[in-house]
């Protein structure tokens, strides 16, 4: 995971719950390819086929509310989502995302669907490369950056020899 992330923005409204991210009827499998092929299909049927590696989700308030299913952030990450920017997150979704190495950023920025966003996690800057606007965000602390760089919490502790 790079401390600099750049990708195309996909916009979503407030209150995207984990059942919208990955509907419960698909949770009978642990196959990440299968799960990723159904992300957001209830709200955006074309999303699973159009999302590309490096893309970024830009959402409103309360992203990831609902159940605590870890498959939601895992499926998004496996589909190629490199970061999620939202005005606010459900706490468990936020923590699950960090735990699997998916950057989640609390910010309210101006961007349209398809804009190219560049995120510097260490410096705390988001640039909208399409409109040339820059937004300050709270930078991630060193510990969270290490977890993200290592690919998640388990990988972080394996690298440190603590598991």
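Residue numbers (full-length UniProt numbering): 1 to 163. All residues carry an ideal CB built from backbone N, CA and C; glycine is no exception. Model, not experiment: these values are computed from the prediction.
message: Rounding to the nearest angstrom, what Cα-Cα distance links residue 161 and residue 3 in this structure?
response: Within the chain shown, numbered from 1, the residue matching residue 161 stands at position 161. Within the chain shown, numbered from 1, the residue matching residue 3 stands at position 3. Approximately 23 Å, taken between the alpha carbons.
field: Nearest candidate by alpha-carbon position, reference residue 92, set 67, 82, 113, 114
entry: Locating residue 92 in the chain shown gives position 92, counting from the first residue. Per the Cα distances, 67.
query: Taking only runs of the beta strand (DSSP E) that begin and end inside the region 42-73, which ones reach a length of at least 3 residues, in chain order?
result: 56-59
query: Does the distance from the C-beta atom of residue 54 to that of residue 80 stay below 8 Å?
result: Looking up residue 54 in the chain shown gives position 54. Looking up residue 80 in the chain shown gives position 80. Cβ distance < 8 Å, so residue 54 and residue 80 count as in contact.
message: Checking 8 Å against the spacing of the C-beta atoms, do residue 75 and residue 36 come in under that value?
response: Your numbering for residue 75 matches position 75 in the chain shown. Your numbering for residue 36 matches position 36 in the chain shown. Yes; because the gap between Cβ atoms is below 8 Å, this pair is in contact.
- prompt: Of the choices 30, 97, 112, 59, whose alpha-carbon is the least far from that of residue 14?
  reply: Taking the first residue of the chain shown as position 1, residue 14 is located at position 14. Of 30, 97, 112, 59, the residue nearest in Cα terms is 59.
Residue 76 - DSSP class collapsed to helix/strand/coil: Along the chain shown, read from residue 1 onward, the residue named residue 76 stands at position 76. Three-state result, residue 76: helix.
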